[in-house]
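The structure appears below as C-alpha cells.
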Amino acid sequence: MRRFLNRLCFVLLFIAMICASGCDKDITSDETLGKAIPSKSEKTGSGSVNEEKIKIGFSMDTLLEERWLKDKELFKKAVENLGAEVEILAANGDDSLQIAQAETLIQNKVDLLVVVPHNAEAMAAIVKKAHSAGIKVMAYDRLVKNADLDMYVSFDNEKVGELQARAITKLVPNGKYVYIGGAETDNNAHLFKKGVFRVLQPFIDKGVITVVYDQWSKDWTPANAFINMESALKANNNEIHAVIAANDATAGGVIQALEAKGLAGKIPVAGQDAELAGVQRIVRGTQVMTVYKPIQALSEKAAELAVKMAKGKTVKTERKINNGKIEVPSVLLSPIAVDKGNIDKTIIKDGFHSKSDVYQNQQ
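Numbers -20 to -1, 1 to 343, taken from mature numbering (1 follows the signal peptide of the UniProt record, and there is no 0), label the letters of the sequence shown in order.
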C-alpha cells in the first residue's frame, strides 16, 4: 500500500510539472499577442526598433520635356538623401492615364502622394481618393484646383510672367505684341499670363502696346505654338514687334515660325524655364530672355516637406493660395530673369547647364 501511494504521488507530481510547463508557454504566447503591432513607420529588427522607409508616390504629367526630366532626377535624389524612397509614374499628357497611375500609387500604399497635374481640375478626384485612403497630397509646381489639397510647393508663377513682360517692354516699349500661352488646362499657364498682362496693361491703356494675338498652346507643345505663331504672322502681315511665349518649348515653336519668314532674331521673343535649347537661342540671339527657376531648390524643398508630412509632422507655411475650394498652405520660391548678360552668373554658376553645352564653342 505504501509503495502504491509513493507511485501515485510521483505520477501526480509529474502531471503537475507538465501542466506548469504548458501554462507558462500559454502565458508567453498571450504576452506576445498582446504587444502593440508596429506602425508603418516602425519595424523591429536585430533587437532594436528602426524607422521603416517612408515611400513617396510621384505622379508626373510628362517626361517629354527636358525640364521635367530634371525635376524627376532631382526630386528622387532629394527624397533618397532623406532616407525615404520614391515611386515615379509619368502620363505624358494623358489625363485618364495620370488618374489611373495615381490610383496605382494609392493602392501601393505610399505614405504621401506628390502630383504634377496635367489637368488642374481633373486631379481633384485623386486628392479625394488619396484622402479616403489616409494619404495626404502635395501639388508640385502646378496647383490642383477645387480640392482639399494639403500642400502646394512651386515658384511665384505670376512673378515669372511679370519678369518676362518687364524684360520685353524695356526692349519694345510700344508696338504690336503676340502672347503665345501654354496649356489652358494648366493652372500655371493662367498664372504666367496674369503676371504678363499685369505689366502690359498700363501700356495697353496708354495705347502704346496692342496685343494683336493671344492664344493657348495645347499641351505646351512647340508644334501647337508654331501653328499659333504662323496664324499671328498671317493675320498681321508679318508686322509683329514682340512675342512673349509661356515657356521655352513654346518659344522654340514661335522662333521656328519666325525663321520660316526670315524674322528670327529681328523680333524679340521671351520664354521661361531656362531649358538648354532656350538658353542656346539666347546666346545665338534668336531669343532675348528666359526665366530661370532653380528647380534643385524646388525639388529639395518639396522632398523635405513631403517626408515630414509623411511622418505625420506638422508643417507650417507663411503663404496660402486659393485653389477654388480652400486656402492651400503654400511655399513659393523666387524665379530669376536671365538674358545674355547674366547666364554665367546664374544658370552656369548653379550647374543647371554646363558652359560648354550653353555656348557650344560660340564664345
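Ideal placement from N, C-alpha and C gives every residue a C-beta, glycine not left out.
Pairwise C-alpha distance: residue j and residue i
{"i": "residue 102", "j": "residue 314", "result": "27 Å"}
{"i": "residue 208", "j": "residue 32", "result": "51 Å"}
{"i": "residue 196", "j": "residue 242", "result": "24 Å"}
{"i": "residue 238", "j": "residue 88", "result": "48 Å"}
{"i": "residue 344", "j": "residue 328", "result": "Residue 344 lies beyond the stretch modelled for the chain, which goes from -20 to 343, so this question has no answer here."}
{"i": "residue 269", "j": "residue 65", "result": "37 Å"}
{"i": "residue 145", "j": "residue 34", "result": "42 Å"}
{"i": "residue 149", "j": "residue 222", "result": "9 Å"}
{"i": "residue 220", "j": "residue 71", "result": "36 Å"}
{"i": "residue 294", "j": "residue 302", "result": "20 Å"}
{"i": "residue 310", "j": "residue 240", "result": "43 Å"}
{"i": "residue 330", "j": "residue 339", "result": "16 Å"}
{"i": "residue 213", "j": "residue 193", "result": "9 Å"}
{"i": "residue 202", "j": "residue 325", "result": "28 Å"}
{"i": "residue 166", "j": "residue 215", "result": "27 Å"}
{"i": "residue 344", "j": "residue 290", "result": "In the structure as shown, the chain begins at -20 and stops at 343. Residue 344 is therefore absent and cannot be evaluated."}
{"i": "residue 229", "j": "residue 251", "result": "8 Å"}
Option nearest residue i by Cα separation, candidates the options
{"i": "residue 93", "options": "76, 234, 140 and 113", "result": "113"}
{"i": "residue 86", "options": "107, 180, 74 and 222", "result": "107"}
{"i": "residue 322", "options": "259, 42, 182 and 181", "result": "259"}
{"i": "residue 262", "options": "305, 220, 248 and 143", "result": "248"}
{"i": "residue 307", "options": "132, 39, 170 and 332", "result": "132"}
{"i": "residue 125", "options": "231, 324 and 304", "result": "304"}
{"i": "residue 109", "options": "128, 100 and 295", "result": "128"}
{"i": "residue 159", "options": "224, 254 and 332", "result": "224"}
{"i": "residue 122", "options": "98, 157 and 139", "result": "98"}
{"i": "residue 276", "options": "230, 194, 253 and 293", "result": "253"}
{"i": "residue 75", "options": "273, 174, 217 and 40", "result": "40"}
{"i": "residue 130", "options": "332, 292 and 185", "result": "292"}
{"i": "residue 267", "options": "288, 211 and 236", "result": "236"}
{"i": "residue 81", "options": "186, 120, 38 and 51", "result": "38"}
{"i": "residue 134", "options": "299, 288 and 181", "result": "299"}
{"i": "residue 83", "options": "341, 104 and 296", "result": "104"}
{"i": "residue 199", "options": "164, 251, 77 and 250", "result": "164"}
{"i": "residue 344", "options": "186, 333 and 137", "result": "This structure leaves residue 344 out entirely; the chain is present only between -20 and 343."}
Bridge partner(s) assigned by DSSP for residue i
{"i": "residue 156", "result": "190"}
{"i": "residue 118", "result": "94 and 131"}
{"i": "residue 310", "result": "132 and 299"}
{"i": "residue 250", "result": "224 and 269"}
{"i": "residue 68", "result": "38"}
{"i": "residue 260", "result": "In the DSSP output, where bridge partners are listed per residue, residue 260 has none listed."}
Residue i, DSSP secondary structure in three states
{"i": "residue 217", "result": "coil"}
{"i": "residue 38", "result": "strand"}
{"i": "residue 235", "result": "helix"}
{"i": "residue -8", "result": "For residue -8, the pLDDT reaches just 48, beneath the cut-off of 50, and the residue's location in the model is therefore unreliable, although a value from the coordinates is still provided. DSSP places residue -8 in helix when its eight states are reduced to three."}
{"i": "residue 316", "result": "strand"}
{"i": "residue 195", "result": "strand"}
{"i": "residue 100", "result": "coil"}
{"i": "residue 334", "result": "coil"}
{"i": "residue 44", "result": "coil"}
{"i": "residue 165", "result": "coil"}
{"i": "residue 287", "result": "helix"}
{"i": "residue 244", "result": "coil"}
{"i": "residue 81", "result": "helix"}
{"i": "residue 32", "result": "coil"}
{"i": "residue 294", "result": "coil"}
{"i": "residue 185", "result": "helix"}
{"i": "residue 305", "result": "coil"}
Beta-carbon gap between residue i and residue j smaller than 8 Å
{"i": "residue 67", "j": "residue 256", "result": "no"}
{"i": "residue 79", "j": "residue 286", "result": "no"}
{"i": "residue 227", "j": "residue 188", "result": "no"}
{"i": "residue 141", "j": "residue 96", "result": "no"}
{"i": "residue 245", "j": "residue 205", "result": "no"}
{"i": "residue 169", "j": "residue 317", "result": "no"}
{"i": "residue 279", "j": "residue 43", "result": "no"}
{"i": "residue 157", "j": "residue 179", "result": "no"}
{"i": "residue 282", "j": "residue 62", "result": "no"}
{"i": "residue 143", "j": "residue 59", "result": "no"}
{"i": "residue 115", "j": "residue 90", "result": "yes"}
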